[in-house]
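Chemist: Questions regarding the structure given below will be posed in turn.
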Amino acid sequence: MLPECLDDYIAEDNPIRVVDAFVEELDLHELGFEGAEAAATGRPAYHPSVLLKIYIYGYLNRIQSSRRLEREAERNVELMWLTGHLAPDFKTIADFRRDNGVGIRNVCRRFVSLCRELKLFSQAIVAVDSSKFKAVNSRDRNFTPGKIDGRQRQIEESIHRYLQALDTADRTQPAEVEAKTERLQEKIQTLREQMRRMDRIKEQLKHQAEPQLSLTDPDARSMISQAKGTGVVGYNVQTAVDAKHHLIVAHEVTNVGSDRAQLTKMALAAREAMGKRKLQAFADRGYFNAPEIKACDDAGIKAFVPKPMTSNAKAEGRFSKADFIYIAKADEYQCPAGQRAIYRYTSIEKDLTSRTYWTSACPRCPLKPQCTPSDYRRIRRWEHESVLDAMQRRLDRKPDAMTLRRRTIEHVFGTLKHWMGSTHFLTRGLKNVGTEMSLLVLSYNLKRVIKLLGIAKTMKAMKLMAV
């Protein structure tokens, strides 16, 4: 006879109870959320805890759009229970994500701290990797000088083709020439306007810090996507993932396509988040950078990064640098022919100081055709090459290092992109995209912890969080 209570529809083992407990224990004002403390006058706004719950629920259930979240708040029983039957409109929901980026990113970090307090980071091992995520900016609205030149060539060819069609129509189709001429002239006019537009964009590119322009999302960049072998206009998301429980301990959204300068930054962020003094960081060849590896070593982080094969010596059937043995005591190299290459001079190239070695026996050596086409085989050694040698020995002792990296981090990106669907970030700008990524990471980590501990233990951990 009496109306049923919403709580009757939410089972005790429903994950949204964890979301509710987690948000309720947060000090949203301290974390940087606007409106956490109500103003003395005026109509009260929605409390940020309500909107944060809506977003966490949405990203847990692959509902990222503010308009879809508005509809769900009006019809979804779980969301009604979570928000106390409040139903903000889509503009309020969207503005919350845009205006509270700092707070949302702090909540993501706070959950990682909770994982550390729960002793989930028992191993000081992380895998570092990146993946390209599409931005809201399409390829057609991303321009580089090369793209503009190519597009202008196409326009010129089209204009030339239409002009030839006009001449042909004048000679062969006098009865229909007026209507066809009008259509062709409209097309030519449109193409000439496109040409002028390309000229304006080219002029705009000259005044940019970098030769690339995205019209929809100014921070998005065209990047090479190795997985597809093509380019993608988007962002490069860096992550560090715990090797034991596959939790994301650190992440950062960048619009730099290369990973060369990202290893130290991500490894240090992971070490701080995990509360460890020492750390092992596994990364692929894209992260190999001698100064970065040296910086990791100085910070007490042991890097495992295979060296890319940049020399053509092996491909051409000649000895590579690995075939030369360095003798530290004598500061010499022993070549495959048994000769000693001694130190000759020091040089600085790209801010790296290197020592150069060769042996005087090269011109008379019977193995010279297998060694070098030059008069002498010169071997360059970076002044801190011992750090790279030590890392190579670690990799030799751990042949499954790259398998560990792959099985730790590859499925994480697969899961995040599966949740997003075959789509792009919904927000624009590096700051807002970083906020959106933090919501994805928070939802992923929350689901992982529930899977590891179960609902009851996770709920207990949430209640102890504020103590």
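The sequence shown begins at 1153 in my numbering and counts up one residue at a time. For each residue, glycine too, the CB sits at the ideal point set by N, CA and C.
Residue ranges of each beta strand (DSSP E) run of no fewer than 3 residues wholly in the segment 1491-1527, ordered along the chain?
Modeler: Taking only runs of at least 3 residues, the beta strand (DSSP E) segments lying wholly in the segment 1491-1527 are 1492-1501, 1504-1510.
Chemist: Could you name each continuous alpha helix (DSSP H) segment of 4 residues or more that falls completely within the segment 1372-1433, going from the start of the chain to the end?
Modeler: The segment 1372-1433 contains these whole alpha helix (DSSP H) runs: 1415-1426.
Chemist: Can you tell me where the beta strand (DSSP E) holding residue 1486 begins and where it ends?
Modeler: Reading the sequence shown from its first residue, position 334 is the one you call residue 1486. Residues 1484-1486.
Chemist: Helix, strand or coil, according to DSSP, for residue 1239 in the structure here?
Modeler: Reading the sequence shown from its first residue, position 87 is the one you call residue 1239. Here residue 1239 sits in coil by DSSP.
Chemist: On the DSSP letters alone, give me the boundaries of the beta strand (DSSP E) that residue 1286 sits inside.
Modeler: On the sequence shown, position 134 is the one that residue 1286 refers to. Note, residue 1286: beta strand (DSSP E), 1277-1286.
Chemist: What three-state label does DSSP hand residue 1215 in the structure shown?
Modeler: For this step, residue 1215 is matched to residue 63 along the sequence shown. Coil.
Chemist: Which residues mark the beginning and the end of the beta strand (DSSP E) in which residue 1478 is found?
Modeler: As a position in the sequence shown, residue 1478 is number 326, starting the count at 1. Run containing residue 1478: 1477-1479, per the beta strand (DSSP E) assignment.
Chemist: Are there 16 or more other CB atoms within 10 angstroms of the CB of residue 1579, so buried, or fewer, so exposed?
Modeler: The residue you call residue 1579 lines up with position 427 of the sequence shown. Result: buried.
Chemist: Starting from residue 1454, trace the alpha helix (DSSP H) in both directions and tell me its first and last residue.
Modeler: Along the sequence shown, read from residue 1 onward, the residue named residue 1454 stands at position 302. Per DSSP, residue 1454 belongs to no alpha helix (DSSP H); it is in the beta strand (DSSP E), 1453-1456.
Chemist: Report all residues from its chain with a CB closer than 6 Å to the CB of residue 1432; omit the five preceding and five following residues, and keep chain order.
Modeler: Here residue 1432 is taken as the residue at index 280 of the sequence shown, counted from 1. If we look at residue 1432 and ignore the five residues flanking it on each side, its Cβ neighbours are 1277, 1454.
Chemist: Measuring CA to CA, which of 1466, 1175, 1446 is closest to residue 1539?
Modeler: Within the sequence shown, the letter at position 387 stands for residue 1539. Residue 1539 has its Cα closest to that of 1446, out of 1466, 1175, 1446.
Chemist: For the beta strand (DSSP E) that residue 1437 lies in, which residues bound it at each end?
Modeler: Translated into the one-based positions of the sequence shown, residue 1437 becomes position 285. No beta strand (DSSP E) holds residue 1437; DSSP gives it neither H nor E.
Chemist: Using only the alpha-carbon positions, how far apart do residue 1225 and residue 1346 sit?
Modeler: In the sequence shown, the residue the question calls residue 1225 occupies position 73. In the sequence shown, the residue the question calls residue 1346 occupies position 194. Distance between the alpha carbons of residue 1225 and residue 1346 is about 45 Å.
Chemist: Considering only their Cβ atoms, is the gap separating residue 1375 from residue 1299 smaller than 8 Å?
Modeler: Sequence index remark: in the sequence shown, residue 1299 carries index 147 (1-based). Sequence index remark: in the sequence shown, residue 1375 carries index 223 (1-based). No, Cβ-Cβ distance for residue 1299 and residue 1375 is not below 8 Å.
Chemist: Near residue 1172, which residues of its chain fall below 7 Å by C-beta distance, leaving aside the five closest residues on each side in sequence?
Modeler: On the sequence shown, residue 1172 is found 20 positions in, with the first residue counted as 1. Cβ neighbours of residue 1172 beyond the five flanking positions: 1205, 1234.
Chemist: Please report the distance separating the alpha-carbon of residue 1430 from that of residue 1259.
Modeler: Here the question's residue 1430 lines up with position 278 in the sequence shown. Here the question's residue 1259 lines up with position 107 in the sequence shown. Whole-angstrom Cα-Cα distance: 25 Å.
Chemist: Quick one: residues in its chain with C-beta nearer than 6 Å to the C-beta of residue 1581, no 5 flanking neighbours on either side, listed in chain order?
Modeler: Walking along the sequence shown from the start, residue 1581 turns up at place 429. 1371.
Chemist: Out of curiosity, what's the CA-to-CA distance linking residue 1161 and residue 1559?
Modeler: As a first step, residue 1161 is located in the sequence shown; it is residue number 9 there, counting from the start. As a first step, residue 1559 is located in the sequence shown; it is residue number 407 there, counting from the start. When rounded, the distance between both Cα atoms is 38 Å.
Chemist: Answer with buried or exposed for residue 1561, where buried requires no fewer than 16 other C-beta atoms within 10 angstroms of its C-beta.
Modeler: Your numbering for residue 1561 matches position 409 in the sequence shown. With 16 or more Cβ atoms within 10 Å of its Cβ, residue 1561 is classed as buried.
Chemist: Kindly identify the DSSP beta-bridge partner or partners of residue 1616.
Modeler: The count along the sequence shown starts at 1 and reaches residue 1616 at position 464. BP columns for residue 1616 are empty, so no partner.
Chemist: Here's the rule: buried if 16 or more other CB atoms are within 10 angstroms of the residue's CB, otherwise exposed. What is residue 1341?
Modeler: Residue numbering aside, residue 1341 sits at position 189 when the sequence shown is read from its first letter. The residue is exposed, with fewer than 16 neighbouring Cβ atoms inside 10 Å.
Chemist: Does the distance between the C-beta of residue 1178 and the nearest non-hydrogen atom of the ligand SAH fall short of 7 Å?
Modeler: Inclusion of the ligand SAH in the displayed structure is not the case, the ligand content being empty and no account of it being possible.
Chemist: How would you write the range of the alpha helix (DSSP H) that residue 1600 sits in, first residue to last?
Modeler: Mapped onto the sequence shown, residue 1600 falls at position 448. That run of the alpha helix (DSSP H) goes 1582-1605.
Chemist: Are the segment 1287-1295 and the segment 1411-1428 touching, with three or more C-beta to C-beta distances below 8 Å?
Modeler: No: the two stretches stay apart, fewer than three of their Cβ pairs being nearer than 8 Å.
Chemist: Helix, strand or coil: which one does DSSP assign to residue 1162?
Modeler: By one-based count along the sequence shown, residue 1162 stands at place 10. In this structure, residue 1162 counts as coil in the three-state DSSP scheme.
Chemist: Quick one: residues in its chain with C-beta nearer than 8 Å to the C-beta of residue 1495, no 5 flanking neighbours on either side, listed in chain order?
Modeler: Taking the first residue of the sequence shown as position 1, residue 1495 is located at position 343. Closer than 8 Å at Cβ, skipping near neighbours: 1483, 1484, 1507, 1508, 1509.
Chemist: What's the gap between the Cα of residue 1175 and the Cα of residue 1472?
Modeler: As a first step, residue 1175 is located in the sequence shown; it is residue number 23 there, counting from the start. As a first step, residue 1472 is located in the sequence shown; it is residue number 320 there, counting from the start. Cα to Cα, the separation comes out at about 57 Å.
Chemist: Among 1178, 1442, 1437, 1163, which has the Cα closest to the Cα of residue 1200?
Modeler: In the sequence shown, the residue the question calls residue 1200 occupies position 48. Nearest C-alpha to residue 1200: 1178.
Chemist: Quick check on the burial criterion: 16 or more other C-beta atoms within 10 angstroms. Buried or exposed for residue 1362?
Modeler: Within the sequence shown, the letter at position 210 stands for residue 1362. So residue 1362 ends up on the exposed side.
Chemist: Is the segment 1238-1246 touching the segment 1350-1357 in the sense that three or more CB pairs, one from each, lie closer than 8 Å?
Modeler: Short answer: they don't touch.
Chemist: Compute the Euclidean distance between the alpha carbons of residue 1333 and residue 1320, then round it to the nearest angstrom.
Modeler: Counting from 1 along the sequence shown, the entry for residue 1333 is found at position 181. Counting from 1 along the sequence shown, the entry for residue 1320 is found at position 168. The alpha-carbon atoms of residue 1333 and residue 1320 are separated by roughly 10 Å.
Chemist: Give the secondary structure of residue 1228 by DSSP, where H, G and I count as helix, E and B as strand, and everything else as coil.
Modeler: For the purposes of this step, residue 1228 is identified with residue 76 of the sequence shown, where counting begins at 1. Three-state DSSP puts residue 1228 in coil, outside helix and strand.
Chemist: Considering only residues of the same chain and omitting the five flanking positions on each side of residue 1403, which have a CB-CB separation below 7 Å?
Modeler: Working through the sequence shown from its first residue, we reach residue 1403 at position 251. Only 1389, 1390, 1391, 1589, 1593 meet the Cβ criterion.
Chemist: Between the beta-carbon of residue 1476 and the beta-carbon of residue 1279, is there less than 8 Å?
Modeler: On the sequence shown, residue 1476 is found 324 positions in, with the first residue counted as 1. On the sequence shown, residue 1279 is found 127 positions in, with the first residue counted as 1. It is not a contact, given that the beta carbons lie outside the stated cut-off.
Chemist: With DSSP collapsed to three states, give me the class of residue 1336.
Modeler: Locating residue 1336 in the sequence shown gives position 184, counting from the first residue. Note: residue 1336 maps to helix in three-state DSSP.
Chemist: When the Cα of residue 1401 is compared with those of 1223, 1169, 1564, which residue comes out closest?
Modeler: Numbered from 1 along the sequence shown, position 249 holds the residue referred to as residue 1401. Nearest option by C-alpha distance: 1564.
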